[in-house]
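Colleague: Chains as they are written, first to last, in my numbering: chain A, 1 to 151; chain B, 1001 to 1151. Glycine included, each C-beta is placed from N, C-alpha and C at the ideal position. Right, I'll just put the structure down here and ask away after.
There are 2 protein chains.
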Amino acid sequence: MQISSRFSIGVHILSLLAIQPQDHHTSEWLAGSVGTNPVVIRRVLGHLKKAGLANVKAGSGGATLARELDDITLLDVYRAVDVVEEGRLFHMHEQPNPACPVGANIEQVLRLMMFKAQAAMEGVLAAVTMRELVDVLAREIEEKRAAISPK
Amino acid sequence: MQISSRFSIGVHILSLLAIQPQDHHTSEWLAGSVGTNPVVIRRVLGHLKKAGLANVKAGSGGATLARELDDITLLDVYRAVDVVEEGRLFHMHEQPNPACPVGANIEQVLRLMMFKAQAAMEGVLAAVTMRELVDVLAREIEEKRAAISPK
DNA sequence: TTCGTTGTGATGATTATAGTTACAACACGT
DNA sequence: ACGTGTTGTAACTATAATCATCACAACGAA
Chain A
1 MQISSRFSIG VHILSLLAIQ PQDHHTSEWL AGSVGTNPVV IRRVLGHLKK AGLANVKAGS
61 GGATLARELD DITLLDVYRA VDVVEEGRLF HMHEQPNPAC PVGANIEQVL RLMMFKAQAA
121 MEGVLAAVTM RELVDVLARE IEEKRAAISP K
Chain B
1001 MQISSRFSIG VHILSLLAIQ PQDHHTSEWL AGSVGTNPVV IRRVLGHLKK AGLANVKAGS
1061 GGATLARELD DITLLDVYRA VDVVEEGRLF HMHEQPNPAC PVGANIEQVL RLMMFKAQAA
1121 MEGVLAAVTM RELVDVLARE IEEKRAAISP K
């Protein structure tokens, strides 16, 4: 199974808010760039709002960043959009037989390994800020632009 | 979403094969320790067999290890049971708008981060052998046994 | 040849994802 | 105060994966 695209959508949205701060960022507009339905955007944006990463104005509409880019890590987004219940990336089978020595002890041993593996993954996400990601993204955009229309 | 319990079941099965080598390991018997249906066991065992981690005898029945414990990592099991398509732990939304600068470039930038995160997770699994896991498990079992009936 | 077992197809219940429609609540400009 | 455009949500749908279970043919050894 895969981690929901809510995560990538969340990052995409925040990138848009960061790179094009002048626009009126409606869910309709954001949906156009992400390539999905405005309601999907609103739902993800709802998560980002609850996590204090974005501001969304009801009524008049429009979303903005609620924190500095340096202050948002990919892990923040990952947690915000709620793709994996905390500490539960791996699903452990639920009824090992306590009457069997292996069944009675496998869970705690295996959970430790699972936890370490998951922590390593999240550690990478925690080490990358939206600032870094947006900088790389901006460089990509600029490079392509320059390649198409060299001065 | 979570990574399928096929992984934990696979590890459980291999642990049983390692720790109780004298038994006739039928799917029925293994299912008793794992706490599931024999068919589920047979299917996971099928994966382990295909990956060269276990031998299964049709007809007369019974499974055995096909490799030394030192020669099986948790990553081998993880790959064997096919819980995550290679390199695809994260699901990236599929239609970012190529006409938008962000939409056109977010994928390659984000995929790189996702790849690193996933690689870190798999690195931990690759670093743990079934030997190590079984040793820890055996120690747990022995400790509990000793606590119940001290000499 | 009989018996227990494996391998596998088929089915069903459950759960998550992702898209869509619909609409009340809301904010702002006029 | 009103109209317009937007958000927040509920509801519904389609799709897909998981896991348990039944059923049964193919197989192996006594």
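1) Quick check on S1027 of chain B - is its C-beta less than 7 Å from some C-beta in chain A?
2) Looking at the strands, I want to know which residues DSSP matches up with I3 of chain A.
3) From the DSSP secondary-structure annotation, give me the bridge partner or partners of T73 of chain A.
4) Please check if any C-beta of chain B sits within less than 7 Å of the C-beta of H93 of chain A.
5) Quick check: the Cα distance between P1101 of chain B and E1094 of chain B, rounded to an integer number of angstroms?
6) Using a Cβ-Cβ cut-off of less than 7 Å, list which residues of the region 1003-1020 of chain B approach chain A; keep chain order.
7) How about the region 67-76 of chain A and the region 110-130 of chain A: do they share at least three Cβ pairs that are nearer than 8 Å?
8) Would you check if the region 1023-1038 of chain B and the region 129-144 of chain A touch, i.e. whether three or more CB-CB distances between them fall below 8 Å?
9) List, in chain order, every chain B residue whose beta-carbon is nearer than 7 Å to that of A155 of chain A.
10) Should N152 of chain A be flagged as near chain B, meaning a C-beta pair shorter than 7 Å?
11) Mind checking if E140 of chain A is an interface residue toward chain B, Cβ cutoff 7 Å exclusive?
12) Give the residues from the region 1079-1090 of chain B that approach chain A closer than 9 Å (Cβ to any Cβ), ordered along the chain.
13) In the structure shown, what three-state DSSP assignment does G11 of chain A receive?
14) Any idea if F1098 of chain B is buried or exposed, counting beta-carbon neighbours within 10 angstroms, 16 or more meaning buried?
15) Interface residues of chain A around S1149 of chain B at Cβ under 7 Å?
16) Helix or strand or just coil, what does DSSP make of V1083 of chain B?
17) Please list the terminal residues of the continuous beta strand (DSSP E) segment that includes L65 of chain A.
18) Touching or not, the region 1046-1063 of chain B and the region 1105-1125 of chain B, by the rule of three or more beta carbon pairs under 8 Å?
19) Applying the criterion that 16 or more other CB atoms from any shown protein chain within 10 Å of the CB defines a buried residue, is A1147 of chain B buried or exposed?
20) Taking the C-alpha atoms as reference points, what is the distance between L1014 of chain B and L1048 of chain B?
21) Going along the chain, which residues of the region 1052-1076 of chain B sit with their C-beta nearer than 7 Å to a C-beta in chain A?
Modeller: Looking at the atomic coordinates:
1) It does not: the Cβ of S1027 of chain B has no partner Cβ on chain A nearer than 7 Å.
2) Beta bridge pairing from DSSP links I3 of chain A with B:F1090.
3) According to DSSP, T73 of chain A bridges with A:T129.
4) Closer than 7 Å to the CB of H93 of chain A there is at least one CB belonging to chain B.
5) Going by C-alpha positions, P1101 of chain B is about 16 Å away from E1094 of chain B.
6) Residues of the region 1003-1020 of chain B with a Cβ closer than 7 Å to any Cβ of chain A, in chain order: I1003, S1004, S1005, F1007, S1008, I1009, V1011, H1012, S1015, L1016 and I1019.
7) Result yes; three or more Cβ-Cβ pairs closer than 8 Å.
8) No: fewer than three Cβ pairs fall under 8 Å.
9) The requested residue 155 of chain A is not part of the displayed model; chain A covers only 1 to 151.
10) With chain A covering 1 to 151 only, the question about residue 152 of chain A has no answer from this structure.
11) With 7 Å as the cut-off, E140 of chain A counts as an interface residue toward chain B.
12) Cβ contacts with chain A: V1083, V1084, E1085, R1088, L1089 and F1090.
13) Checking the sequence shown, residue 11 of chain A turns out to be Val, not Gly. V11 of chain A: helix per DSSP, three-state reduction.
14) The sequence given here has Pro at residue 1098 of chain B, not Phe. Exposed is the call here.
15) Ordered by position in chain A, no residue passes the 7 Å Cβ test against S1149 of chain B, which lies about 14 Å from the chain.
16) Assignment of V1083 of chain B by DSSP, reduced to helix, strand and coil, places it in the coil class.
17) Per DSSP, L65 of chain A is one residue of the beta strand (DSSP E) stretching across A63 to L65.
18) Cβ pair count under 8 Å is below three, so no.
19) Label assigned to A1147 of chain B: exposed.
20) If you take the alpha carbons of L1014 of chain B and L1048 of chain B, they lie about 9 Å apart.
21) Within the region 1052-1076 of chain B, the residues whose Cβ lies closer than 7 Å to some Cβ of chain A are L1074, listed in chain order.
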